[in-house]
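Everything on this sheet refers to the single structure shown next.
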Amino acid sequence: MANDLIQAIQLLKEKEWVDLTHTFGPESPHFSAFESAEFKTLFTHDDGFFSQSFTFAGQYGTHLDAPIHFVRDKRYLDELDLKELVLPLVVIDKSKEAEANNDYSLTIEDILQFEAEHGKIESGSFVALRTDWSKRWPDVAAFNNKDADGNNHAPGWGLDALKFLFEERQIKAVGHETFDTDASVDFQKNGALLGEYYVLAQDTYQVELLKNLDKLPAKGAVIVNITPKPEKASGFPVRSFAILP
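Mapping the sequence shown onto this note's numbering, position 148 (from 1) lands on 136, and the numbers just tick up by one.
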């Protein structure tokens, strides 16, 4: 068995690995309700060692939202099983549509068109929505994309599309390049993040602020989502990466 594992690791390391995680700091884009991150140097090499403290909201930088983030009595981050964090990866590319319409919201028809080209989305998959919004990082103004009235404009998942993926395709989790699951215009219309609530109500997680989705195939890759394990956390920055086929 040990030889099998070593061979598997060797095989995986022969593949291309793609980092899906933004480097973040005090000046990075972040959800408007949160304070900017604060990084402090506690000790320097002149003291004998270099040490820092980091203060930021759990939902900061590329991060994983645990179910409890929006839904009472669902699981915390530390309750997610390790095997849930490594999943087959599907990438739906709507970058051209999002560029033409910053308020673009994924539809069931988009999913069916994807499947017509790439085959049915397998159960247990992690489905990522590519919009290329991550290419605006780390420009705060470009990422927020506010209009003259101060309203954000960013693409996202349509609620019907999410319900189709979870209920008809039995996917496991989703990810995207923006701050929120829902398109900004849907949040403004509904007065709530209905898509995000729906995803987390499935007692699963999502990853926000992904990058480099343009470097991935539509199907065939695997996503790995590694986080620290703070007690009773609603979410935390994640190191997400993909292993290509």
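We put the beta carbon where it would ideally sit given N, CA and C, even for glycine.
Bear in mind that the values here come from a model prediction, so they are computed numbers and not experimental data.
Helix, strand or coil at residue 140 according to DSSP, with G and I counted as helix: strand
8 Å CB neighbourhood of residue 171 in its chain, flanking five on each side removed: 91, 92, 93, 142, 143, 144, 145, 146
Cβ pair residue 193, residue 53 closer than 8 Å: yes
Limits of the beta strand (DSSP E) - the one that residue 223 falls within: 223 to 225
Inside the region 153 to 202 only - alpha helix (DSSP H) runs reaching at least 4 residues: 172 to 178, 182 to 189
Element boundaries [beta strand (DSSP E), containing residue 4]: Taken as a continuous stretch (DSSP letters only), residue 4 belongs to no beta strand (DSSP E), as it is neither H nor E.
Assumed close pair residue 216, residue 233 - CB separation to whole angstroms, cut-off 8 Å: Actually they do not touch by this definition, with Cβ atoms about 29 Å apart.
Three-way DSSP call (helix, strand, coil) for residue 109 in this model: coil
Cβ pair residue 284, residue 199 closer than 8 Å: What the structure shows of the chain is the stretch from -11 to 233, and residue 284 is not part of that stretch, so it cannot be assessed.
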